[in-house]
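Read through the structure below, which is laid out as structure tokens, and then see the notes.
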Amino acid sequence: MLARTHRVPLLAAAMAVALTTAAAGSAAATASRPVAQTAVPQAHAATAPQISTLPNGDRVLVTGSGPAAMVTVLGPDGGTVPAVRYAPNPQHAYVIPDSVMTAPAQFVASQYEIPALETAAAPAAVPYYPLHILQINGVDTDGAGASGQTFLFNMDDSSKVSLPPILLTNGVARLAVPAGHYSATTFFPVFDASGDTITSLRIVTNTDFTVADTGVTTVTADERLATVPVLAATPRPTVNDDDLIQFTRTDLTGRATGVLSNSNGPTYVNPTAPAQVGGFAYQLVDWGGSSPAGSADPYRYDLMYPAADHIDADETFPVDASKLATVHNTIDSDPGNTGHQGLYMNAFSGPTLGGFGIGYVIPTPEHLTTYYSAPLDGVSISPAVAMEPPSRDSQYAIFGTDAPAYNGPGVTWRTWGHGPLTPQVGQYQAATYCRACADGDTVELGLNPLQDSSPDTWGGFSYQNVSHMTVYRDGAQVLSQDYSTDAFLTGQSQTPGTYRLVYDEDLTGAPLTQSTVSHTDITVPYDPAADAKWTLPAADTCYAQGSSTTACSILPVLDLNYQLASDDVNTTHGPVAGMLLTVGHQSYGKAGSQAAITGATVSVSYDKGATWTPASVVPAGQGHYAVLWTNGAKGATPWLKVTATDALGGSITQTVANAYTIG
13 MLARTHRVPL LAAAMAVALT TAAAGSAAAT ASRPVAQTAV PQAHAATAPQ ISTLPNGDRV
73 LVTGSGPAAM VTVLGPDGGT VPAVRYAPNP QHAYVIPDSV MTAPAQFVAS QYEIPALETA
133 AAPAAVPYYP LHILQINGVD TDGAGASGQT FLFNMDDSSK VSLPPILLTN GVARLAVPAG
193 HYSATTFFPV FDASGDTITS LRIVTNTDFT VADTGVTTVT ADERLATVPV LAATPRPTVN
253 DDDLIQFTRT DLTGRATGVL SNSNGPTYVN PTAPAQVGGF AYQLVDWGGS SPAGSADPYR
313 YDLMYPAADH IDADETFPVD ASKLATVHNT IDSDPGNTGH QGLYMNAFSG PTLGGFGIGY
373 VIPTPEHLTT YYSAPLDGVS ISPAVAMEPP SRDSQYAIFG TDAPAYNGPG VTWRTWGHGP
433 LTPQVGQYQA ATYCRACADG DTVELGLNPL QDSSPDTWGG FSYQNVSHMT VYRDGAQVLS
493 QDYSTDAFLT GQSQTPGTYR LVYDEDLTGA PLTQSTVSHT DITVPYDPAA DAKWTLPAAD
553 TCYAQGSSTT ACSILPVLDL NYQLASDDVN TTHGPVAGML LTVGHQSYGK AGSQAAITGA
613 TVSVSYDKGA TWTPASVVPA GQGHYAVLWT NGAKGATPWL KVTATDALGG SITQTVANAY
673 TIG
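Each residue of the sequence shown is one higher than the one before, counting from 13 in this note's numbering.
Given below as structure tokens:
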């Protein structure tokens, strides 16, 4: 999450992709702020995710921090690449692309260690154990020595052995470990004739073996055993482009350790029986497949299945079409995206697997149908979209949502990236965090740095956007800061008053030609006694709450939702432009101010704000307004200015430069 450090990303996510959904918190630095007004928490800093560049140039994007953080691994073209996420203990975490197997002899584990995924706590003192030699032999499909990547688990007590990934070079690895019961999972990427492109992945699990306390123990990881393809019987033809699989081992002390792997399909595994010592769990967290190339109606499937304590000889998973969620996505683009590519992201997060973002490069603009099965075992799936491909050196905007990808069987529609793209507080049905809430003498005022025509999206950037926020209390400035979308104020008087939030954002350095600069000025009436009736639901997060046990109050911040009558590159055609404007307040489910909207105005400028022409604004009931104005010359990018007021005395004025294009 990109602009929100606790979102995905494209992943947010990206990512948000993404895209949002994962853990709060970040190690990213924030700008200095006036001490008297209290700094914004790091979880709210408007910064990009932490990025680690691997030796081969792939980038690891980490949104959040620690074991629950979201991880996305991006290759040079902006798409996600096959990789493994592995943490033998909380103090060491690795992200390793499968491409390391092109040169296993050059692998240095420390170069793939990702500090953002680790905890800072020092491990307990580990006793010394007598060590014995274990030799792992890798065998390829021709019976020769195979290079592979092995993850070793001690099943008596995993704290006895916390090794980084073990690479088999020319088919052999030797190491010294304590005697006892073990398990190993070995990955064998299969490359094409060029040796550069991974065409499939073979995974071999040695479920139970014992390292003797004398001599050398030899274990063979035989690639020829991985003969079972991981398949899904989708109703429509698909090309398998992702398998996200988790292998979890639980030792005799009850401690679980595992490895999470994604591949670009197909994946082959070997049949296994249930573990004899400790526990074994194998879960297909996501089977992804896209429509065949050239399909007139592009679509994809993302399917999840429950964990099993073994691997069957037939790993073809059923698909019940009647239980799928069908989402028709309209993905808009900016005219500046001359490459006509973007990224569709899925962000997976859960209590045991942490987070993993997987993206698929798509043409843009695009109409994409997505089919999702119900999530399992507490794992959540959230989608996100990057409007441009997040290639190695590019900047891009990303949009995500906290709404789950699966919301029960049925058909829904969603539009991504439809402008004008503006900072807003938003309106949400799914659990999320409060953008502007109060609890006791703590007040938080925040915005999404970008929001499209869907009122529950959050938007962000792959880079540090230029922004400035100023906050006033009863006319007196209480905070002024750069590079943040949140003001976090403590020690506030609980007498009625008025807050004013002024937020300026400049995106002219991004590959965006529309909605490049915005100025948002919001007046928020503050009355702790009256605001208490707008209680934030328990499922939502309130950062103003701190350690308090009282429920937060939702502040009556006005929200603007723009439904511009433009095409999928945010371009209008013809002599007249039209828009449905909805004015409301931030809301969470049914909670939030219901104060009446008392008026709205819209004006348009064709000379960069020097002069403004009022548009025709016709009330359509309950904060809805039909807006019409005369278009200017073809190729122009007009500015829009919107104002609105409510019965509480709240107001909003928002100016958007280059809001759309006239075609």
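Glycine residues also receive a C-beta, built at the ideal position from the N, C-alpha and C atoms.
So is Pro53 buried or exposed if we call it buried at 16+ other beta carbons inside 10 Å?
Caution applies to Pro53, whose pLDDT of 35 falls short of 50 and renders its modelled position unreliable; the model cannot decide the point.
If I'm right that Ser275 touches Met82 with Cβ under 8 Å, what's the distance once you round it to whole angstroms?
Not confirmed; about 19 Å, so no contact.
Please state the DSSP three-state secondary structure of Ser385.
Correct three-state label for Ser385: coil.
If you reduce the DSSP assignment to three classes, tell me which class Pro540 lands in.
Helix at Pro540.
In this structure, what does DSSP give as the bridge partners for Ser617?
DSSP, once it has assigned bridges, lists Trp651 as partnering Ser617.
Sorted by chain position, which residues of the same chain lie with C-beta nearer than 7 Å to Gly601's C-beta, five sequence neighbours on each side aside?
Taken in chain order, the residues that qualify are Gln441 and Pro549.
Looking only at DSSP bridge pairs, what is Tyr313 linked to?
In DSSP, Tyr313 forms a bridge with Gly301 and Tyr383.
Quick check for students: name the residue ranges of the beta strand (DSSP E) that lie wholly in the stretch 139 to 188, counting only runs of 3 or more.
Segments of the beta strand (DSSP E) lying fully in the stretch 139 to 188: 143 to 151, 160 to 166 and 178 to 180.
Within this structure, are the beta carbons of Ser559 and Val668 separated by less than 7 Å?
No.
Pull up the distance between the alpha-carbon of Val595 and that of Gly412, whole angstroms please.
Roughly 22 Å separates the two Cα atoms.
If we count the other Cβ atoms within 10 Å of its Cβ and call it buried at 16 or more, is Tyr140 buried or exposed?
By the neighbour-count rule (16 or more Cβ atoms within 10 Å), Tyr140 is not buried but exposed.
Less than 7 Å separating the beta-carbons of Gly458 and Thr497?
Their beta carbons are under 7 Å apart, which means Gly458 touches Thr497 by this criterion.
Excluding sequence positions up to five away, which residues of its chain have a Cβ less than 7 Å from the Cβ of Tyr618?
Within the same chain, Tyr618 has close Cβ partners Gly644, Ala648 and Pro650.
Let me know the secondary structure DSSP gives Ser307 once reduced to three states.
If DSSP states are grouped into helix, strand and coil, Ser307 belongs with coil.
Near Val569, what residues of its chain come up, given a Cβ to Cβ distance below 7 Å and the 5 sequence neighbours on each side ignored?
Closer than 7 Å at the Cβ level, and outside the excluded window around Val569, lie Val437, Ala448, Ile534, Val536, His597 and Gln598.
Please report the residue range of the beta strand (DSSP E) in which Gln288 lies.
Unbroken run through Gln288: none, as it is neither H nor E.
If we ignore side chains and look at the alpha-carbon of each, how far apart do Val654 and Val373 end up?
Computed Cα separation, rounded: 35 Å.
For the ligand MN, is there a heavy atom less than 6 Å away from the beta-carbon of Pro377?
Inclusion of the ligand MN in the displayed structure is not the case, the ligand content being empty and no account of it being possible.
Between the Cα of Ser171 and those of Ala233, Pro100, His144 and Asp208, spot the shortest distance and give me the residue it belongs to.
Ranking the options by Cα distance to Ser171, first place goes to Pro100.
Assign Ala608 to one of two classes, buried (16 or more other C-beta atoms within 10 Å of its C-beta) or exposed (fewer than that).
With fewer than 16 other Cβ atoms within 10 Å, it is exposed.
For Arg512, which of helix, strand or coil comes out of DSSP?
In the structure shown, Arg512 sits in a strand (DSSP, three-state: E or B).
Would you grab the beta carbon distance between Leu567 and Ala450 for me? Rounded to a whole angstrom, and I think it's under 8 Å.
At roughly 6 Å, the Cβ-Cβ gap stays under 8 Å, so Leu567 and Ala450 are in contact.
Could you pull out every residue in the same chain whose Cβ sits closer than 6 Å to the Cβ of Gly366, ignoring the five residues on either side in sequence?
Cβ within range, chain order: Pro79 and Ala80.
Can you confirm whether the stretch 470 to 489 touches the stretch 307 to 315 when touching is taken to mean that 3 or more C-beta pairs between the two stretches lie within less than 8 Å?
They do not touch, by the three-pair rule.
Can you tell me whether Trp299 is buried or exposed? The criterion is at least 16 other CB atoms within 10 Å of its CB, across all chains shown.
Per the 10 Å Cβ criterion, buried.
Have a look at the DSSP bridge pairing and note the partners of Thr284.
Partner(s): Ile323.
Along the chain, where does the beta strand (DSSP E) containing Glu456 start, and where does it finish?
Counting along the chain, the beta strand (DSSP E) containing Glu456 begins and ends at Thr454 to Gly458.
Alpha carbon to alpha carbon, how far is His322 from Ala156?
Those two C-alpha atoms are separated by around 28 Å.
According to the Cβ coordinates, are Asp344 and Gly472 closer than 7 Å?
Their beta carbons are not under 7 Å apart, which means Asp344 does not touch Gly472 by this criterion.
Give me the residue from Ser615, Ala287, Trp425 and Leu146 with the minimum Cα distance to Asp225.
Nearest C-alpha to Asp225: Leu146.
May I have a chain-ordered list of the beta strand (DSSP E) segments no shorter than 3 residues that lie completely inside the stretch 196 to 246?
Listed in chain order, they are 210 to 223 and 228 to 234.
DSSP three-state call for Ala191: helix, strand or coil?
If DSSP states are grouped into helix, strand and coil, Ala191 belongs with coil.
Check whether the Cβ atoms of Ala244 and Leu315 sit closer than 7 Å, and answer yes or no.
Cβ distance < 7 Å, so Ala244 and Leu315 count as in contact.
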